[in-house]
Amino acid sequence: MIGLRELSMADAPALQRIYSGASLRYIERRPLSVDEAIDLLSNALFHARDEPCDRWAFGITVGNDLLGMARLRCRTERHATLSYLLREDSWGRGYATQAVAGMVRHAFTATGLTSIGARHHPENTASGRVLRKNGFICRGTRDGWPRYDLHKLRSSSP
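Using our numbering, you'd call the opening residue of the sequence shown number 16 and step up by one each time.
So this is what it looks like as structure tokens:
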């Protein structure tokens, strides 16, 4: 079972481990330096205090081990994009599926969001499965990248 928690500046070394090795294969970037990890955390913590908040970043944990990061970024007043990244040694255990489920719950209960978009690298089929397991629907591709969306179900009460 995973947890989602707020990030802290003490997470910089763990973020460096997350943003390294095979975990970077599909996000087309190089490993984070210490300064880049600190900048990423500073930015996430700064935006967490925004009113109204339009970006959310959470650490993905198992026990006390920070093994990933998940983010929502508003693109319009009611729509955000979702991204997530896990350390390579945590792949294949359902953690990404659980983290996405938690982010969807957060988006649709704690914010005014009504839809979420996501995409994944065309060769990262596991990420596509994670999105589909969480109710996302593939809406085609843009620039070769599969694109997904999920809409908040409207209440059926009168």
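Glycine residues also receive a C-beta, built at the ideal position from the N, C-alpha and C atoms.
All figures in this text were calculated on a predicted structure; none of them were measured in a lab.
Rounded to the nearest whole angstrom, the C-alpha separation of A95 and G132 is 6 Å. Checking the DSSP bridge columns, you'll see M84 partnered with G74 and L100.
In the DSSP assignment, T156 is bridged to P161. Distance between I33 and D26, taken at the CA atoms: about 10 Å. About 19 Å separates the beta carbon of R108 from that of S98, a gap too long to meet the 8 Å contact definition. W71 has its alpha-carbon roughly 21 Å from the corresponding atom of R162. When the alpha-carbon of L47 is set against those of C89, Q31, M16 and R120, the nearest one is in Q31. When beta bridges are read from the DSSP output, L19 appears opposite I75. If the five residues before and after N149 are omitted, its C-beta is found closer than 8 Å to the C-beta atoms of T112, V115, A116, V119 and L165, all from its own chain and listed in chain order.
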